Structure formats: C-alpha cells, structure tokens
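In this note's numbering, the protein residues as written are 7 to 457. Beta carbons are placed, not taken as given, at the ideal position from N, Cα and C, and that holds for glycine. If you're wondering where the values come from, they're calculated on a predicted model, not measured in any experiment. First up is the structure itself, then whatever we jot down about it.
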Ligand code: ADP
Ligand code: ASP
Ligand code: MG
C-alpha cells in the first residue's frame, strides 16, 4: 500500500466503546489510503504505571489492574469484539506484574514492556472495531513495520535507518487494508520493547508520516485544535487556524501538551503539513471540509505578532554568578560542558556580563552533581520553584512596541519577571516567573492580546 495520510488518535479519543466508534467513523469516512496510529485507551498508561509501582512496592496493584481490565473489557463487550484478540496481552500484564512484585524491582526495561501493553491492546481493539464495520484493518506492533530505536528506555531514540525499513514494510502491506499501528512504543535492535517518552504517539505518527512521505499527518485529540492558550488555564481559548512549524515546535516544547515536542521535526523535514483536529468536534457527516477545521501546521501560515501562549508550571532555575566571567573566555563553555556531561538540558537561558540564568525541566541528569562542580568556580543559586511563560509568534520580531506592552500587562497584574529570554529566531519570548503568578499572568496576557 501507499498511504496518503497518517491519522493519529490520542487516549481520550479511544477511551470508551462510543469513542472508538466515533474514531472508526472518521477513519471509514476518509477515503484516501491511510495508516492509523493509536495511543493506549484513555488513562491506561497512567494505570499501568501505577500498577507497576504498586507491585514493586509490594502494595496492592490489584485495584489498578481491575480498572485497566474494566476499561478494556467494557469495549470488548459493548462492541462484541472477540476477547481472544487481547487475551494473550492481558495475561502478559499479570505475568509482568508478578515478576515485578517477586523481585521488588522495576527496571526501566520491564517498565517499558509493561506500559507498552496499553498501545498494543488498543491497536487490537481498534482494528477489531474497524473489522466489525466491514472495514479491512489489521493491528501492528510498531516494530512489525520497522520502528526500531536505541535502548534508552523511557525516552528511546528512533534509529535513523528505521525510516527506510518502515517505508519498505508499509509498501509490502496489501492495498485496501488499513494498518492500525501502536504509537509510543518501539523495539531496540536486541529485541527489547522501548518507549518514546510520555505523549510519544504524536512523534510515532510523524515518523510514520515521514517514512511513508504522506501528504498530511493528522493528530486527532480531545480539543478542536491547537488553541491560543492552554484551555485548562484559559477556558474558551480560541483555536489557531494556521501556525508555522517552528512556532508549533516552540509551543509544544514550552508546555502545550496537545503535541509532543518531537512531532514537528520529522514533519518539517519533508514539509508534510500536520493537522490537529477534534475527534468529538469534527462531525464526519458535516459537509464542512476537513481543511476548514482544526489547526493546520504549515509554513504558509500568515505572520501574526503573537500566535499563542504556553506555560510550564514547574521548572527549576539556576543562577550562576562570577566576577571572573568578565572578559574570561571559556567561562560559558565550562558551565555548559558540565551541564552536558551531567545530561542536563537547558530550556531558557539569559546571560549578563557576570551571570547566567537558566531553567531546566524534566531533569534526567544529575543537577546536584553539576551544581557542586560549578560551585568550585562560581556562585550558584538554585531556585526549585519557578514557572515559564512563553509567547510565540513569527511577527514578534517585527513589532517593536509589543515587548513594552507585554511588560505593562504583567506589571499591572503584579506578575514578577525574573528572567527574560528571546531565542535567536526571535519567534518566542520566554519569561521566568513563579507558579503563584504564572496562571494569572497567562490569563492577563490572553485577555489583552486575544480577548
Ligand atoms: P491526546 O491524548 O489526544 O494525545 P493530550 O492530552 O496529550 O491528548 O493533549 C491534548 C490536551 O492538551 C488538551 O486536552 C489540553 O488540555 C492540552 N493543551 C495544553 N495546551 C494546549 C493548547 N495550546 N492547545 C490545545 N490543547 C492544549
Ligand atoms: N499512551 C502514552 C501516554 O499516555 C503515549 C501517548 O498517549 O501519546 O503517554
Ligand atoms: Mg498526547
């Protein structure tokens, strides 16, 4: 087959039998050949992790397992799916949890194997849902179609050569069949199951889209598109009709959960437009064409001063200060060499003649050790309780008065700003504030800029 589009459906879109039916309608209604990527049934990934931690601590994992089974088997029953399609994977759940509990140990490798059951089961449930409606479909674990990764569990990196392998595997699928492929998971060359990081099914969709060189990657989710602000902070935030790749990447990176931050890079490599659509908002029977709905990520988006706002509620910041930094070449590289060696990635950075301010999120690395090392040649202040407010827009660089307007709004609302940074591409302004004021700051900016 040669799919013309990838359709990815997130957890909430697949949370119940009714939701699965709705998704089936979107898939059946779309008459171009497509490849479907699915997340786990809504909430199941979290439940699997809870079950794993409970089993490891030898406390009761049972309530979590009961809930997982309830969600899966309710779909089986309501849609009259043959329970055999998930029986083996369901037993695997017990087997893995027994192992974790007996050893009292949860290795990253076992955790990935366990959590992969979510996507593996939902792919089978959804393929069966399509078959029930006489749509030819088959479930695939992503590695059956060539998705291999390195062996860094919980945040595995796809192997560059996998793109060619995926493309070949897809072309060997018979025409007329819709492959339903697990998002989020892959397999290392030695055969261990890996995962691409939480929310990683979007990234899977982009990888399959790139490998198959589709004309569009669709991300179907529980909101009607990418909104100008996080709807949990600004209820009723407006949908963005079009946004450029770079802007969408910044938004995702700075906390807009609707897209996994790594989704954009593969799409952009071949200029494949990404469309974000609401599973429950788009009515398959509505004559409004799909291209007039949701958000289209494409570089043809017209410029706007501010396209959207994003918020990272909880980050750490570090302030490095040294008089020796004055005219001392190599100071910055010394600090960053330590951070890189300790596997700490910096989000926002601002420097002055004698100081550097930085923020970090998702710190995989050893921050304590890095601080200790930097402290041998500079003063280091650590602030664990900070938030980042980010404004994204390709027109920011053209609007000279905008920056002062933004600071007026923040000061009128008593929102403190500790660090200001503007990326080299100047499509974003990031402000470091504190969690107590971040929500208000976002609401005030939204009101003034888009309200
Ligand atoms: P899925 O399971 O479909 O992948 P996610 O929960 O990962 O869905 O992402 C969708 C959620 O992202 C929305 O329900 C919304 O609460 C949140 N979100 C945060 N910022 C934004 C934004 N700017 N636009 C849209 N949704 C956002
Ligand atoms: N099911 C995974 C998660 O909850 C991946 C995804 O939904 O994209 O993180
Ligand atoms: Mg998601």
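CA-to-CA distance, residue j to residue i, given in whole angstroms
i           : j           : result
residue 83  : residue 203 : 31 Å
residue 414 : residue 230 : 32 Å
residue 289 : residue 449 : 30 Å
residue 45  : residue 436 : 31 Å
residue 451 : residue 234 : 11 Å
residue 396 : residue 355 : 13 Å
residue 194 : residue 156 : 5 Å
residue 187 : residue 148 : 6 Å
residue 213 : residue 146 : 15 Å
residue 171 : residue 183 : 19 Å
residue 64  : residue 112 : 11 Å
residue 50  : residue 388 : 36 Å
residue 75  : residue 97  : 11 Å
residue 56  : residue 42  : 28 Å
residue 10  : residue 179 : 14 Å
residue 127 : residue 264 : 23 Å
residue 447 : residue 175 : 49 Å
residue 305 : residue 118 : 36 Å
Heavy atom of the ligand ASP within 7 Å of residue i beta-carbon
i           : result
residue 261 : no
residue 228 : no
residue 19  : no
residue 383 : no
residue 45  : yes
residue 51  : yes
residue 79  : no
residue 189 : yes
residue 124 : yes
Residue i Cβ short of 7 Å to the ligand ADP heavy atom set
i           : result
residue 238 : yes
residue 128 : no
residue 339 : no
residue 16  : yes
residue 408 : no
residue 25  : no
residue 211 : no
residue 257 : yes
Run of the alpha helix (DSSP H) containing residue i, from where it starts to where it stops
i           : result
residue 210 : 207-218
residue 431 : First-last for residue 431: undefined, no H or E at that position.
residue 415 : 408-418
residue 447 : 441-456
residue 344 : 337-347
residue 29  : 23-35
Residue interval of the beta strand (DSSP E) (run including residue i)
i           : result
residue 398 : 385-398
residue 200 : 199-201
residue 132 : Premise fails: residue 132 lies in the alpha helix (DSSP H), 114-138, not in any beta strand (DSSP E).
residue 108 : Where residue 108 is concerned, there is no enclosing beta strand (DSSP E), although the alpha helix (DSSP H) it sits in stretches over 90-109.
residue 356 : 352-357
residue 144 : 143-146
residue 327 : 314-327
residue 401 : Taken as a continuous stretch (DSSP letters only), residue 401 belongs to no beta strand (DSSP E), as it is neither H nor E.
residue 225 : 222-227
Residue i classed as buried or exposed, judged by whether at least 16 other C-beta atoms fall within 10 angstroms
i           : result
residue 109 : exposed
residue 72  : exposed
residue 77  : buried
residue 129 : buried
residue 318 : buried
residue 13  : buried
residue 259 : buried
residue 375 : exposed
residue 348 : buried
residue 253 : buried
residue 434 : buried
residue 222 : buried
residue 457 : exposed
residue 364 : buried
Cβ-heavy atom distance, residue i to the ligand MG, below 7 Å
i           : result
residue 205 : yes
residue 231 : no
residue 414 : no
residue 208 : yes
residue 266 : yes
Contact set for residue i: own chain, Cβ-Cβ below 7 Å, skip 5 residues either direction
i           : result
residue 115 : 159, 198
residue 422 : 439, 440, 443
residue 19  : 25, 29, 226, 227, 228, 285
residue 208 : 14, 225, 265, 266, 269
residue 454 : 415
residue 173 : 217, 218
Beta-carbon contacts of residue i that lie in its chain and below 8 Å, excluding the five residues immediately before and after
i           : result
residue 366 : 321, 322, 323, 324, 350, 351, 352, 353, 373
residue 237 : 229, 243
Close-in-space but distant-in-sequence residues of the same chain around residue i (CB under 6 Å, 5 per side omitted)
i           : result
residue 15  : 29, 44, 226
residue 133 : 143, 144, 145, 186
Cβ of residue i within 8 Å of any chain C Cβ
i           : result
residue 380 : Absent here is chain C; the protein component of the structure consists of one chain.
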